[in-house]
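Residue 623 is where the sequence shown starts when you use the numbering used here, and the numbers rise one by one after that.
Notes follow once the structure below has been shown.
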Amino acid sequence: MAKPTSDLPASDLMEKITNLAKRRGFVFQSAEIYGGFRSAYDFGPTGVLMLRNVKQAWWRNMVQLRDDIVGLDASILAPPAVWKASGHLESFSDPLVDCKACGLRHREDDLPDLNTCPACGKSGELTDAREFNLMFKTHAGPVAEEGAAVYLRPETAQGMFVNFALVMGAARKKPPFGIAQIGKSFRNEITPGNFIFRTREFEQMEMEYFVPPSQSSQWHSYWCEERLSWYQDLGIPSDLIRLRAHEADELSHYSSQTSDVEFLYPWGWGELEGIANRGDYDLTAHSQHSGHKLEYFDQASGDRYVPHVIEPAAGATRAMLAFLLAAYDEEDVRGETRTVLRLNPHLAPFQAAILPLSRKEALAHCSQEIAKTLRPYLMIDYDETQSIGRRYRRQDELGTPFCVTIDFETLEDKCVTIRERDTMDQQRVPIDTLLENLRNQLAI
């Protein structure tokens, strides 16, 4: 009988996931051969596939399946004027304290005891808190002077606001409509941690939905439910995910309503995605600072207004971690522990694995031809090393939904065996119906 992940101690589950992530090529510590670089991770051969699938699932849901949302890919670098208008230069900061004994820095709001350093344990050595701006600053051009200062974006949102009028005109849209973007953001976090949950370089999946002011509250409610459903539809069980509305004292300066989609990580509930009602704060601020009107004119009614914005903003790497944690399972199979990632097939790195029973030439040739036939339609792994049992276990740990075994009978009857990951059930099917069979079961 399967042992659900909720039965595993939280610390054990996180250790199992981080070990599996390294062993199976999901996530590596960046620059490990140089001792590693804190809060930076590289996504390996399987991790890059899964992360791509997470982003593709989001893009499909937010853009491909809708006619009211279009895409954008804005620049990572932006001049100070953008961040001055948005308020980031003045208010995008965290309270920072230093330990005079060990020299480490901490976020004040993360300290369990405001008098004791969590690193060295000494009391009375923490400095008074000061605000620490989280943006990375650099310089454009050959001269490092203040006039050439630029910033790496701490969020993707501002690129969508400053391009609002251009996108609306080019795409011939009118409110309500949205602009979606997936891209890298950078925050100089004081205390990054929890594996890939909080890092200084990360990918966001954000959408700005521009609506008539009178409709902002109802659209906020709509997007809260839509975004919660997306995670559940991709396999996160209802007891591990929730929607939590912010209290008044939690709201950002630009927000009148914010709700977080939260996941029950091993260390507790943590934000997966925030859905904020930003009002007209951003478009108004950029209009005032740039001198360009960022508004909508309704020719039919004669109304002219600055749209309000509903923003669902998700972390791609946080989502990937949540999907991995929710999918991790262990069960006893004939006295041995089987580890399996019960990932949604749309998120799994590979949809199928081709496993020839032998490396003999005739069987290998047949298996490679089958893989060649499937590759244009599915992401395929080809594995011919070790026993078939070990290869099955390897694919279980990768979350591969189906394994296709080619044996010596295949050369005679032109059939292969499909093994299903979750039940381990097997069925024999003709080679010429294999692709159709797999696509039907995968719903691809």
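Glycine residues also receive a C-beta, built at the ideal position from the N, C-alpha and C atoms.
- Item | Same chain, Cβ closer than 7 Å to M827, neighbours up to 5 away in sequence not counted | These residues qualify, in order along the chain: K677, W680, I804, A936 and A938.
- Task: Counting only the same chain and skipping the five closest in sequence on each side, list residues whose C-beta sits under 6 Å from that of A949.
- Result: Contacts found: L963, R964 and L965.
- Task: Buried or exposed for F1031, please, with buried defined as at least 16 other CB atoms from any protein chain shown within 10 angstroms of its CB.
- Result: Sequence check: residue 1031 is Glu here, not Phe. By the neighbour-count rule (16 or more Cβ atoms within 10 Å), E1031 is not buried but exposed.
- Where G1011 sits in the DSSP three-state scheme: G1011: helix per DSSP, three-state reduction.
- Query: From which residue to which residue does the alpha helix (DSSP H) around A936 run?
  - Reply: Membership of A936 in any alpha helix (DSSP H) is not indicated; the residue belongs instead to the beta strand (DSSP E) covering H930 to G937.
- Message: If I follow the unbroken beta strand (DSSP E) through S807, where does it start and stop?
- Response: It spans F799 to F808 - the beta strand (DSSP E) in which S807 sits, taken as one unbroken run.
- In three-state terms, what does DSSP make of E1006? Assigned with DSSP and collapsed to three states, E1006 falls in coil, not helix or strand.
- Message: Assuming C846 and S881 are in contact, meaning their beta carbons sit under 8 Å apart, how far apart are those beta carbons, in whole angstroms?
- Response: Sure, about 5 Å apart at Cβ, within 8 Å.
- Query: Candidates V649, G725, S909 and R820: which alpha carbon is nearest K706's?
  - Reply: Among V649, G725, S909 and R820, the Cα nearest to that of K706 is on S909.
- Message: DSSP three-state label for F832, please.
- Response: In the structure shown, F832 adopts extended strand secondary structure according to DSSP, grouped into three states.
- Query: How many whole angstroms separate the CB atoms of F945 and I858, which I take to be in contact at a CB cut-off of 8 Å?
  - Reply: A Cβ-Cβ separation of about 7 Å places F945 in contact with I858 under the 8 Å criterion.
- Query: If you draw a straight line from the C-alpha of F648 to the C-alpha of Y887, how long is it?
  - Reply: About 18 Å.
- Cβ atoms of R729 and I801: under 7 Å apart, would you say? Result no, Cβ atoms of I801 and R729 do not sit closer than 7 Å.
- Task: State the Cα-Cα distance for the pair A970 and G1021, rounded to the nearest angstrom.
- Result: Roughly 6 Å between the two C-alpha positions.
- Are there 16 or more other CB atoms within 10 angstroms of the CB of Y656, so buried, or fewer, so exposed? Label assigned to Y656: exposed.
- Query: Do A974 and L1000 have their C-beta atoms within less than 7 Å of each other?
  - Reply: A contact, by the Cβ cut-off of 7 Å.
- Query: Does the Cβ-Cβ distance between L856 and V883 come in under 7 Å?
  - Reply: Not a contact, by the Cβ cut-off of 7 Å.
- N- and C-terminal bounds of the alpha helix (DSSP H) containing I992: First-last of the alpha helix (DSSP H) with I992: E983 to L996.
- Message: Quick check on A772: buried or exposed, where buried means 16 or more other Cβ atoms within 10 Å of its Cβ?
- Response: Before going further, note that residue 772 is Val rather than Ala in the sequence given. Around the beta carbon of V772, a 10 Å sphere encloses 16 or more other beta carbons of the protein chains shown; the residue is thus reported as buried.
- Around the Cβ of D904, are there at least 16 other Cβ atoms within 10 angstroms (buried) or fewer (exposed)? D904 comes out buried.
- Please go through the same chain and pick out, in chain order, the residues whose beta-carbon is closer than 8 Å to the beta-carbon of P734, but skip the five residues on each side of it. Around P734: P740.
- Query: When the Cα of S661 is compared with those of A993, T821 and A703, which residue comes out closest?
  - Reply: Per the Cα distances, T821.
- Starting from the C-beta of R940, find all residues in its chain whose C-beta is less than 7 Å away, skip the five residues before and the five after it, and write them out in chain order. The residues F819 and L894, in chain order, have a CB closer than 7 Å to that of R940 in the same chain once the five nearest residues on each side in sequence are set aside.
- Would you say H930 and G901 are within 7 Å of each other, going by their C-beta atoms? A contact, by the Cβ cut-off of 7 Å.
- Item | Where C1025 falls, given that 16 or more other Cβ within 10 Å makes a residue buried | Buried is the call here.
- Message: In whole angstroms, give me the CA-to-CA distance for R674 and A723.
- Response: Approximately 44 Å between the Cα atoms of the pair.
- Message: Between the segment 974-984 and the segment 994-1008, can you find at least three pairs of beta-carbon atoms closer than 8 Å?
- Response: The segment 994-1008 vs the segment 974-984: in contact.
- What three-state label does DSSP hand W891 in the structure shown? Looking at W891 - three-state DSSP - the assignment turns out to be strand.
- Query: So which of D1044, L1064, I1066 and I1028 has the shortest CA-CA distance to R1050?
  - Reply: Put simply, of D1044, L1064, I1066 and I1028 the residue whose alpha carbon is nearest the alpha carbon of R1050 is I1028.
- Item | Rounded C-alpha distance that separates I698 from F758 | About 11 Å.
- Can you tell which of R1013, G924 and S989 has the C-alpha that lies nearest to the C-alpha of L1033? The shortest Cα separation from L1033 among R1013, G924 and S989 belongs to S989.
- Query: N1062 to V670, Cα distance in whole Å?
  - Reply: Those two C-alpha atoms are separated by around 25 Å.
- Rounded C-alpha distance that separates L979 from L985: For L979 and L985, the distance between alpha carbons rounds to 8 Å.
- Message: Under DSSP, the beta strand (DSSP E) around F951 begins and ends at which residues?
- Response: Position check: residue 951 holds Asp in this sequence, whereas Phe was assumed. Counting along the chain, the beta strand (DSSP E) containing D951 begins and ends at Y950 to V955.
- DSSP three-state assignment for E825, whether helix, strand or coil: DSSP places E825 in strand when its eight states are reduced to three.
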